[in-house]
Structures are given as C-alpha cells and as structure tokens.
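Taking UniProt numbering, I'd label the letters of the sequence shown as residues 1 to 464. Beta carbons are placed, not taken as given, at the ideal position from N, Cα and C, and that holds for glycine.
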Amino acid sequence: MDMGAGGHGESAHAHGTAAFGAGSALGTRGGVDVTELVAEPDRPADVHVDLIARAETIEVDGGRPVEGFTVNGTSPGPEIRATQGDLVEVTLENESVAAGATLHWHGIDVPNAADGVAGITQDAVPVGGRFTYRFVAEDAGTYWYHSHQVSHDQVVRGLLGAIVVDPADPADAAPADADVTALLHVYGGQHTLNGSAEDERIAAEPGSTVRVRVINTDSGTAAVWASSPFRVVAIDGREVNGPTDVDGERLLVPAGGRADVAVTAPPDGSVLRLRTGGARSLLIGDPSAPEPSAPQPSETLDLLDYGTPDPGAIDFDPTAPDRSYEYAIGRRPGLIDGRPGYFWTINGKLFPDVPMFEVAEGDVVAMRIRNDSGEVHPMHLHGHHVVVLTRDGVAASGSPWIVDSLDVHPGEGYDIAFVADNPGIWSDHCHTLQHAVDGLIAHVMYEGVTTPFTIGPESGNRPD
C-alpha cells in the first residue's frame, strides 16, 4: 500500500513491507528525501564522539551480570556532554548487535536524517557497519540516546546512555553548585541508578544546591521524592518558570521522560535522601553522615499548575491551530505476526494501518488525546516538543508545561499543541516499548517529504 496516501500499508507486523511517503497525497517522488534533512553539512563538529555497540555481558555494580547490549563496553553508555549551539557529531559502529542498531536522540529536536529510526530515517546499521549522526544542540537540557531498532529488546537490554546540553549562558538555568545525572534502568529485574544496583552518595557542602538530572529509561513511570523539600527546575529539557518547593509529594516521570530537580544539602551537615524510581537513592551531603529514611508520599505533584505562568515562553497561538486531530488510544482484538490478542489502537487502528497525521511546515497543530484503553501510556513525539493546554478540560495554569514524553492515564484526555517547524517523517508512539510492538505507533508526516527506507523482513528494519 502507498504510504503517502495516508495509510501505513503493511509492515513487519503483517509479514510485509511498509514504505513511507512514496505517493502523491503528501508529496511526490520528487519531494524532499529524509536523507536531505541534515544539519549544516559544511560546518565542522564542535563535539565528536565515537560509540561502539556490542552484544555482551553487562556487569551490574552491586548486582548480578546480565546478557545485553553495551555502548563502548558499558551500559549505560558514556554520557555525552555538549554546550547549546554546538554541532554534535556521533559515529556509531555496530560491532556485534546481530539485528542491527541505530541511535535515536530522545528529546532532542534533531534534523530528520539524524533521528535514528530504522526504516524511516535510515537503515539499521549492520554488524561491521557505521553511521554518523550530526545535529546542532539548539536547546539546553537533559536528554538520552538509545537504539530505535528492535527497541523493545535493545533498549530494555541496555543500548542507551545520557546526553546533557549545557546552556550557552549559565544564567539561563536554575543556579546550582553541582550537577549530577541519575539515569534509571532495570537490568534483568534489577533496579539501577547509573548502572549500579546500590545507592549512590554525592558529597555536597552544607547548604549547597545540587541539580539532579533524572532520566527514566524504563518502560514504566518512575516516582521521585526526597527526605527534604526539592524543586522541579526542568521537565524534558525545558526550564520551569518559578519553581516552588515540593514537600510531601512525589514527582512522576514518564517512561522516556526527564526531570531536573534541585535539592539543598542540609545546612546542619546531615544527608538528604532523593529517591529515584523508588528502589534506588542518591544520598546528598556529608558522605559519613547517617542515612535518613524517606517514605513515599501518597500525594502526587500536579505539573498542570506547578510554577508560574510565562506567556512569552510560547511563541505561537495554540488556540488558533491550522490543523486539529483526534488521537484516541484504545484496545481491541486483532492479529500481529499471526498472533491473536488484544492490541493497542490509535483511532481504532493498529499500526501499520494508523493514518498519518499530515502537516505542512509552519502549521500550528492541535491534538486531543484521550485514553480509553485501561492502561497508562507514555506518549513520545519525535522531533518536536508540545505544550500541554488542558487535562480533562482543566486549563494549564502554572509554568508552561512543555514536553516530548507525556503520561496519559486511563480515562484522561489532554489537549496539546505544537508548531510544525522540523520537516520530516516523525514517530509518535508509546514508550512502554512493548505497547509500540503491539500497535501503539503513529507518525507525523510533513507534506512533500519522502523516504527511501522501508520496514519489514526484506529490509531488516524493525524500529519497535
């Protein structure tokens, strides 16, 4: 089936092939190829990193080894650090990942050619192959990278790492005396923090402020809370305006989402416990001080009204969209790869039969998401950030809630909006990755954009 006509055709799910953007309804074969949507091709890189993907044993500190995938010999892979405005260049070499591998830059609004989705923006990199990603780190913030080839297996088994973009002007970020990353992942049932199954101590002077970059790389929601008040200073790489102390509440971070929290080391020289994901903690303060307890609060912080409004942060009118779409998440019986079951749907359809969300560059796009499926879904849009306008009809009233990963709970409905300012073909899917395998994938497709890549057994590309 012709993908450009608004349907995905057949894919690996149906033992066929999906070809994106080949027809005339969304652009002709003479349109812009995704491989042409690149970052400043003549500009030298400011940051260059070589990453090697391997299938091997992962040694979990304080836990048991597991078979999985590493990046440069470890999982999580090395943290990439850049400064806002840098041109980042990363060369991936696949040494031994038999199914092929890619790298997706989760939360970074990269050019489409660098998005790393097998079958849409590139072919999976075979064993012995290389692929170079180039993008300008336009937005400071906390992000992560992971494979988008057989992602429900490769991400779960460790082909991932953190990437942090520091602001060009330090004054643009909440002030802090120290900056640490807290990457959460489960390896073979073992909850880890930065690859360790043990708590991590962070030495900090009494009264100093520590920015903790929480990255949830798992397929479920992570809860964050502390033994003392903390502030949420950024969500999904976007600074929160006017954050206030959170005390007696927990913060929920969706699968794939990130939250930067600021904590103050106790002035009396004791230790603060920051629970990350529930099972592991950061202990911040005097390394020799006794460990405090931190029982999980029963109340949850609501980001809909957290912080202070900042109308200037949104440079478009979300109330006057050029295109509006319904995005209804459901469940129904069906067949995937000949396997019967109850599978996830978008507007009543299973991938690969979910119609494209068609946009033109410059459009203001509004979506009304509702979840009637009975389970929470952390929805992730590639290449863009969206602003949350309402939840269940209640308008957002705090700091602009700007995200790329959003938990939509059973029975909830959200109104969101974004500007179509990054041409390409972009996945929009559930980051509970098994849900994506089971049908919960859509795509945002720009008019006139095509791709030479296909999904299916002939190409070997399996993005989910």
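- Contact check for residue 39 against residue 135 passes: the beta carbons are separated by less than 7 Å.
- Classified as buried, residue 224 has 16 or more neighbouring CB atoms from the shown chains inside 10 Å of its CB.
- DSSP, reduced to helix, strand and coil, places residue 60 outside both helices and strands of the structure shown, so it counts as coil.
- Taken through DSSP and simplified to helix, strand or coil, residue 170 comes out as helix.
- Scanning the UniProt domain "Plastocyanin-like" (340–445) from its first residue to its last, the whole beta strand (DSSP E) runs of 3-plus residues come out as 357–359, 364–371, 377–381, 386–391, 405–408, 413–419 and 425–430.
- Looking at the backbone, the Cα of residue 177 and that of residue 208 are separated by about 6 Å.
- When C-beta atoms of the segment 434–454 are compared with those of the segment 341–357, three or more pairs fall below 8 Å, so the two segments count as touching.
- For residue 153, the secondary structure class from DSSP, reduced to helix, strand or coil, is helix.
- Counting along the chain, the unbroken beta strand (DSSP E) around residue 200 starts and ends at 200–203.
- Check the Cα spacing between residue 303 and each of 270, 382 and 406: the tightest is with 406.
- Of all alpha-carbon atoms in 149, 435 and 83, the one lying nearest the alpha-carbon of residue 115 is that of 149.
- DSSP links residue 302 through a beta bridge to no other residue.
- Leaving aside the five residues that flank residue 151 on each side, the residues in its chain whose CB is nearer than 7 Å to its CB run, in chain order, 433, 463 and 464.
- Secondary structure of residue 34 (DSSP, three-state): helix.
- By the C-beta criterion, the segment 164–177 is judged to be in contact with the segment 81–88, since at least 3 inter-stretch pairs fall below 8 Å.
- Bounds of the beta strand (DSSP E) holding residue 216 are 209–216.
- Here the C-alpha atom of residue 188 lies approximately 10 Å from the C-alpha atom of residue 63.
- Between residue 313 and residue 175, the C-beta spacing is not below 7 Å.
- Shown here, residue 112 sits in a helix according to DSSP, grouped into three states.
- For residue 230, the CB contacts under 6 Å within the same chain, skipping 5 residues up- and downstream, are 246, 261 and 263 in chain order.
- Bridge pairing for residue 141: 165 [DSSP].
- Buried is the label assigned to residue 378, since at least 16 other Cβ atoms lie within 10 Å of its Cβ.
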